[in-house]
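**Student:** Questions regarding the structure given below will be posed in turn.
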Amino acid sequence: MARSATIFKAELQLADLDRSHFGDYSLTLARHPSETDERMMVRLLAFALNASETLAFGRGLSAEDEADLQDLDATGSIERWIDVGLPDEKDIRRACNRSRHVVVLSYGGRSAEVWWQQTSGKVSAQKNLSVLALSVEEGQALAGLAQRTMRLQCTIQDGIVWLGGDEGHVELKPKILQAPEAA
Numbered sequence: 007m008a009r010s011a012t013i014f015k016a017e018l019q020l021a022d023l024d025r026s027h028f029g030d031y032s033l034t035l036a037r038h039p040s041e042t043d044e045r046m047m048v049r050l051l052a053f054a055l056n057a058s059e060t061l062a063f064g065r066g067l068s069a070e071d072e073a074d075l076q077d078l079d080a081t082g083s084i085e086r087w088i089d090v091g092l093p094d095e096k097d098i099r100r101a102c103n104r105s106r107h108v109v110v111l112s113y114g115g116r117s118a119e120v121w122w123q124q125t126s127g128k129v130s131a132q133k134n135l136s137v138l139a140l141s142v143e144e145g146q147a148l149a150g151l152a153q154r155t156m157r158l159q160c161t162i163q164d165g166i167v168w169l170g171g172d173e174g175h176v177e178l179k180p181k182i183l184q185a186p187e188a189a
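Straight run, no breaks: the sequence shown in the working numbering ends on number 189.
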């Protein structure tokens with residue numbers, strides 16, 4: 007019998023000084039049985055980095071043709087498509103054609119480095135693509151914060167993320183591998 011998703015709840019207090027965005031979010035994260043705490047927490051970080059009132063989690067690993075997070079505009083068009091991990095370059099190009107902005111938040115150390123070496127040349131022409139990378143240590147530190155019920159505070163300033171709660175605090179500086187061209 008297939009196992010069902012494990013539900014995690016997060017109360018997130020966000021102060022994103024880089025975007026002048028502040029808010030309190032009650033989030034429900036469904037962790038697929040094959041998903042690790044690290045991947046789930048990277049999804050939560052992706053939410054914090056791109057938070058808006060309309061940003062929502064996708065169906066995750068169970069839906070291959072859907073973003074991990076997406077932000078729809080008032081017309082239902084995809085404003086922001088966000089993937090976590092190491093997506094295939096064809097999926098990245100497809101996302102870039104379907105949405106105004108695409109963000110990939112990669113993690114996994116050496117495997118992420120190899121993925122980017124193989125993928126960067128194939129997606130470098132995508133003008134609406136941002137690719138960020140976390141170190142192995144940053145991903146593991148995020149995983150250490152995972153609890154079924156979390157109360158987290160997040161401050162983002164000058165590209166540095168401070169995220170913490172009852173289980174401790176982490177400081178992250180996602181590395182920018184590719185940034186969209188200025189409009």
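Idealized CB from N, CA, C, for every residue including glycine.
What does DSSP give as the partner residue(s) for TRP168 in the beta ladder?
**Tutor:** THR161, GLU177, per the DSSP bridge assignment.
**Student:** Return the first residue and the last residue of the alpha helix (DSSP H) that GLU95 is part of.
**Tutor:** Looking at the DSSP string, the run of the alpha helix (DSSP H) that includes GLU95 is 95 to 104.
**Student:** In three-state terms, what does DSSP make of LEU151?
**Tutor:** DSSP places LEU151 in coil when its eight states are reduced to three.
**Student:** What residue range does the beta strand (DSSP E) around LEU35 cover?
**Tutor:** First-last of the beta strand (DSSP E) with LEU35: 27 to 37.
**Student:** Taking DSSP as the reference, what is the three-state secondary structure of SER136?
**Tutor:** The answer is strand: DSSP assigns SER136 an E or B state.
**Student:** Alpha carbon to alpha carbon, how far is CYS160 from ALA54? Give it in angstroms, no decimals.
**Tutor:** Using only the alpha carbons, I get a separation of about 7 Å.
**Student:** So, helix, strand or coil for ASP22, using DSSP?
**Tutor:** In this structure, ASP22 counts as strand in the three-state DSSP scheme.
**Student:** Would a C-beta distance cut-off of 8 Å place HIS107 and GLU143 closer than the cut-off?
**Tutor:** No.
**Student:** In the DSSP assignment, find the unbroken alpha helix (DSSP H) run with ALA52 in it and report its ends.
**Tutor:** 43 to 56 is the span of the alpha helix (DSSP H), which, as asked, contains ALA52.
**Student:** Less than 8 Å between the beta carbons of ALA255 and ILE88, yes or no?
**Tutor:** Because the chain spans 7 through 189 in this model, residue 255 falls outside it and cannot be assessed.
**Student:** For ASP190 and SER58, I'd like the C-alpha separation in whole angstroms.
**Tutor:** Any answer about residue 190 is impossible in this case: the structure gives the chain only from 7 up to 189.
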